[in-house]
Amino acid sequence: MEIVYRPIGIIHTPFKEHAPIQPLYSEARGVVEVFDEYKEGLKDLETFSHIILVYHFHLSKGYRLEAKPYLDDEPKGIFAIRSPNRPNGIGISTVALERIEGAKLHVLHVDMLDGTPLLDIKPYVPEFDIRDASSGWLNGKIK
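In the numbering used here, the protein residues as written are 238 to 380.
What follows is the structure, encoded as C-alpha coordinates:
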(Lines of atoms letter the chains of each structure in order from A and count residues from 1; the text may use other names and numbers.)
(Lines give C-alpha, C1' and ligand atoms only; values in the text may rest on other atoms or scores of the structure.)
Protein backbone atom coordinates (compact mmCIF):
# COMPACT_ATOMS: atom_id res chain seq x y z
CA MET A 1 0.00 0.00 0.00
CA GLU A 2 1.27 3.44 -0.86
CA ILE A 3 -0.02 6.62 0.75
CA VAL A 4 0.66 9.98 -0.88
CA TYR A 5 0.10 13.37 0.72
CA ARG A 6 0.19 16.67 -1.12
CA PRO A 7 0.98 19.86 0.79
CA ILE A 8 -1.86 22.33 1.26
CA GLY A 9 0.57 25.14 2.05
CA ILE A 10 3.96 26.18 3.38
CA ILE A 11 4.93 27.23 6.91
CA HIS A 12 7.25 30.25 7.13
CA THR A 13 9.28 30.65 10.33
CA PRO A 14 12.47 32.41 11.43
CA PHE A 15 14.21 29.03 11.86
CA LYS A 16 16.53 28.01 9.01
CA GLU A 17 18.49 25.12 10.59
CA HIS A 18 17.43 24.57 14.22
CA ALA A 19 14.02 24.99 15.84
CA PRO A 20 12.72 24.83 19.44
CA ILE A 21 11.99 21.32 20.71
CA GLN A 22 8.26 21.97 21.29
CA PRO A 23 5.85 24.82 20.45
CA LEU A 24 5.23 25.55 24.13
CA TYR A 25 8.89 26.58 24.51
CA SER A 26 8.81 28.97 21.55
CA GLU A 27 7.76 32.61 21.49
CA ALA A 28 8.49 32.83 17.77
CA ARG A 29 5.91 33.91 15.25
CA GLY A 30 5.35 32.45 11.82
CA VAL A 31 3.06 32.68 8.82
CA VAL A 32 1.20 29.67 7.47
CA GLU A 33 0.62 30.22 3.77
CA VAL A 34 -2.33 28.12 2.56
CA PHE A 35 -2.44 27.48 -1.18
CA ASP A 36 -5.29 29.28 -2.97
CA GLU A 37 -7.20 26.10 -3.85
CA TYR A 38 -7.65 25.41 -0.11
CA LYS A 39 -8.47 28.97 1.02
CA GLU A 40 -12.23 28.29 1.31
CA GLY A 41 -11.42 25.64 3.91
CA LEU A 42 -10.28 28.40 6.29
CA LYS A 43 -13.88 29.60 6.79
CA ASP A 44 -14.66 29.95 10.53
CA LEU A 45 -11.11 29.00 11.60
CA GLU A 46 -10.65 32.54 12.97
CA THR A 47 -13.09 31.69 15.78
CA PHE A 48 -10.46 29.44 17.41
CA SER A 49 -7.61 30.71 19.58
CA HIS A 50 -5.34 27.74 18.78
CA ILE A 51 -4.89 25.41 15.84
CA ILE A 52 -3.04 22.15 15.22
CA LEU A 53 -0.65 22.17 12.28
CA VAL A 54 0.12 18.81 10.67
CA TYR A 55 3.24 18.92 8.54
CA HIS A 56 6.04 16.97 6.91
CA PHE A 57 9.58 16.94 8.36
CA HIS A 58 11.03 17.68 4.92
CA LEU A 59 14.66 17.93 6.10
CA SER A 60 14.65 14.82 8.27
CA LYS A 61 17.36 12.36 7.34
CA GLY A 62 16.31 8.81 8.14
CA TYR A 63 15.33 7.36 11.48
CA ARG A 64 16.17 4.74 14.08
CA LEU A 65 13.55 2.79 16.00
CA GLU A 66 15.29 3.81 19.24
CA ALA A 67 16.77 7.24 19.92
CA LYS A 68 17.85 9.38 22.84
CA PRO A 69 15.22 12.07 23.52
CA TYR A 70 16.04 15.64 24.47
CA LEU A 71 14.84 15.29 28.07
CA ASP A 72 16.49 11.97 28.95
CA ASP A 73 19.83 10.17 28.60
CA GLU A 74 18.35 6.72 27.98
CA PRO A 75 17.25 5.67 24.47
CA LYS A 76 13.49 5.31 24.00
CA GLY A 77 11.38 3.79 21.23
CA ILE A 78 10.72 6.23 18.40
CA PHE A 79 6.98 6.09 19.08
CA ALA A 80 7.56 7.12 22.73
CA ILE A 81 9.39 10.34 21.77
CA ARG A 82 8.75 13.34 19.54
CA SER A 83 11.85 13.21 17.38
CA PRO A 84 11.51 14.63 13.85
CA ASN A 85 13.39 11.57 12.55
CA ARG A 86 10.44 9.21 12.17
CA PRO A 87 9.38 6.43 9.78
CA ASN A 88 6.85 8.72 8.07
CA GLY A 89 8.18 12.16 9.01
CA ILE A 90 4.84 13.60 10.12
CA GLY A 91 4.90 16.40 12.70
CA ILE A 92 2.20 18.17 14.69
CA SER A 93 2.30 21.44 16.60
CA THR A 94 -0.40 23.31 18.48
CA VAL A 95 0.06 27.04 17.90
CA ALA A 96 -1.82 30.20 18.84
CA LEU A 97 -3.77 31.69 15.94
CA GLU A 98 -3.29 35.47 16.07
CA ARG A 99 -5.09 36.46 12.87
CA ILE A 100 -5.93 35.42 9.33
CA GLU A 101 -5.25 37.68 6.35
CA GLY A 102 -6.58 36.12 3.17
CA ALA A 103 -4.86 32.73 2.93
CA LYS A 104 -2.16 33.61 5.48
CA LEU A 105 -2.44 32.50 9.09
CA HIS A 106 -0.32 34.49 11.54
CA VAL A 107 0.63 32.19 14.40
CA LEU A 108 2.61 32.21 17.64
CA HIS A 109 4.73 29.37 19.14
CA VAL A 110 6.17 27.96 15.91
CA ASP A 111 8.70 25.15 16.32
CA MET A 112 9.30 24.01 12.76
CA LEU A 113 11.83 25.02 10.11
CA ASP A 114 11.14 27.65 7.48
CA GLY A 115 9.63 26.18 4.33
CA THR A 116 8.02 23.21 6.08
CA PRO A 117 5.27 21.66 3.90
CA LEU A 118 1.83 21.91 5.54
CA LEU A 119 -0.34 18.77 5.29
CA ASP A 120 -3.41 19.76 7.32
CA ILE A 121 -4.89 22.22 9.82
CA LYS A 122 -7.25 21.28 12.62
CA PRO A 123 -8.89 23.45 15.28
CA TYR A 124 -7.62 22.87 18.80
CA VAL A 125 -10.56 22.06 21.09
CA PRO A 126 -9.47 21.60 24.73
CA GLU A 127 -12.69 19.80 25.65
CA PHE A 128 -11.87 17.02 23.16
CA ASP A 129 -8.48 16.17 24.67
CA ILE A 130 -7.90 13.73 27.52
CA ARG A 131 -7.53 15.76 30.70
CA ASP A 132 -6.05 13.18 33.08
CA ALA A 133 -3.57 11.57 30.70
CA SER A 134 -0.21 10.18 31.81
CA SER A 135 2.95 11.68 30.33
CA GLY A 136 4.77 8.35 30.60
CA TRP A 137 8.53 8.57 31.06
CA LEU A 138 8.22 12.38 30.88
CA ASN A 139 6.36 12.60 34.22
CA GLY A 140 8.38 14.91 36.46
CA LYS A 141 10.69 16.03 33.62
CA ILE A 142 8.49 18.69 32.04
CA LYS A 143 8.59 22.14 33.59
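Beta carbons are placed, not taken as given, at the ideal position from N, Cα and C, and that holds for glycine.
7 Å Cβ shell around residue i - same chain, five flanking residues per side excluded
i: P312; result: E303, A304, K305
i: G299; result: N322
Nearest-angstrom Cβ-Cβ length linking residue i and residue j, presumed shorter than 8 Å
i: T250; j: Y292; result: Their Cβ separation, rounded to whole angstroms, is 11 Å, which puts T250 and Y292 out of contact at 8 Å.
i: G267; j: V344; result: 5 Å
i: I240; j: D357; result: Contact doesn't hold; Cβ gap of about 14 Å is too wide.
i: D348; j: K253; result: Contact doesn't hold; Cβ gap of about 14 Å is too wide.
Among the options, nearest to residue i - alpha-carbon criterion
i: F342; options: G326, M238, E264, E283; result: According to the sequence displayed, residue 342 carries Leu and not Phe. Of G326, M238, E264, E283, the residue nearest in Cα terms is E283.
i: E218; options: A370, G339, L350; result: What the structure shows of the chain is the stretch from 238 to 380, and residue 218 is not part of that stretch, so it cannot be assessed.
i: R243; options: W374, I327, I315; result: I327
i: Y307; options: N322, H295, F294; result: N322
i: V269; options: H255, E254, I289; result: I289
i: L296; options: F272, S286, I315, N325; result: N325
i: P360; options: W374, E254, H287, S372; result: H287
i: E364; options: F285, F294, E335, G299; result: F285
i: G377; options: D309, K253, E254; result: D309
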